[in-house]
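Working notes, beginning with the structure itself.
Residue numbers (my numbering): 18 to 143.
Okay, structure coming up:
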C-alpha cells in the first residue's frame with residue numbers, strides 16, 4: 018500500500034501533494050527538544066567542538082548532547098571528526114545533506130517571528 022497523500026493549499030494558492038508518511042518520518046528524525054537547536058547552532062557556527070556546542074545549546078547536558086549527536090550522525094545529518102591533537106578533541110559539523118536543512122530552519126524561524134507578532138498584535142486588541 019502506498020504512502021497516504023493529502024492535498025493542501027500553499028501560500029500561492031497552488032495545490033501540492035504531501036505525503037503524510039514523509040512528514041511523519043521527518044518529524045521522527047528531527048523531533049524532540051534538542052535536535053533542531055543543535056542543527057541551528059551548527060548552521061550558524063560551522064565546525065564546532067563538543068564543549069562549545071554544549072555551551073551554545075543552552076540547558077543541554079553532556080549525556081543528552083552526546084546521544085542526540087549520535088542519532089544525527091546515524092541519520093547522516095552531522096559528521097564527527099576526531100582531531101589529531103595531544104588531548105582528544107572532537108569536532109562536529111553538518112554534512113552536505115545536513116546543510117540542506119537550512120531552508121527548513123529559516124522557514125520555521127520566519128513562521129515563528131510571524132506567529133510571535135500575531136500573538137502580540139492579538140493581545141493588544143483585548
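All C-beta atoms in this analysis are idealised placements derived from N, C-alpha and C, irrespective of residue type, glycine included.
- Query: When you compare each of 65, 75, 76, 93 to residue 118 by their alpha carbons, which one comes out closest?
  - Reply: The shortest C-alpha separation from residue 118 is found at 93.
- Message: Pull the bridge partners of residue 97 from the DSSP assignment, please.
- Response: Its beta-bridge partners are 109.
- Task: With a 10 Å radius around its C-beta and 16 neighbouring C-beta atoms as the bar for buried, classify residue 61 as buried or exposed.
- Result: Its Cβ having fewer than 16 others within 10 Å, residue 61 is exposed.
- Query: When the distance is taken between beta carbons, is residue 65 closer than 7 Å to residue 109?
  - Reply: By the CB criterion at 7 Å, residue 109 and residue 65 fall inside the cutoff.
- Item | Residue from 82, 53, 45 with nearest C-alpha to residue 121 | Cα-wise, what sits closest to residue 121 is 53.
- Message: Please report the distance separating the alpha-carbon of residue 45 from that of residue 69.
- Response: Answer to the nearest angstrom: the Cα atoms are 26 Å apart.
- Is it true that the CB of residue 71 sits closer than 7 Å to the CB of residue 82? Cβ atoms of residue 82 and residue 71: closer than 7 Å.
- Would you kindly work out how many angstroms separate the C-alpha atoms of residue 37 and residue 102, rounded to a whole number? Residue 37 and residue 102: Cα-Cα distance of roughly 46 Å.
- residue 115 beta carbon less than 7 Å from that of residue 95: Contact: yes.
- Give the straight-line distance between the Cα atoms of residue 135 and residue 128, rounded to the nearest whole angstrom. Residue 135 and residue 128 have their C-alpha atoms some 10 Å from each other.
- Task: Would you tell me roughly how many angstroms separate the C-alpha atoms of residue 98 and residue 67, rounded to the nearest one?
- Result: Using only the alpha carbons, I get a separation of about 11 Å.
- Based on the DSSP secondary-structure assignment, which residues constitute the bridge partners of residue 66? Partner(s): 108.
- Task: Quick one: residues in its chain with C-beta nearer than 8 Å to the C-beta of residue 113, no 5 flanking neighbours on either side, listed in chain order?
- Result: Shown here for residue 113: not one same chain residue has a beta carbon closer than 8 Å to its own, the five before and five after excluded.
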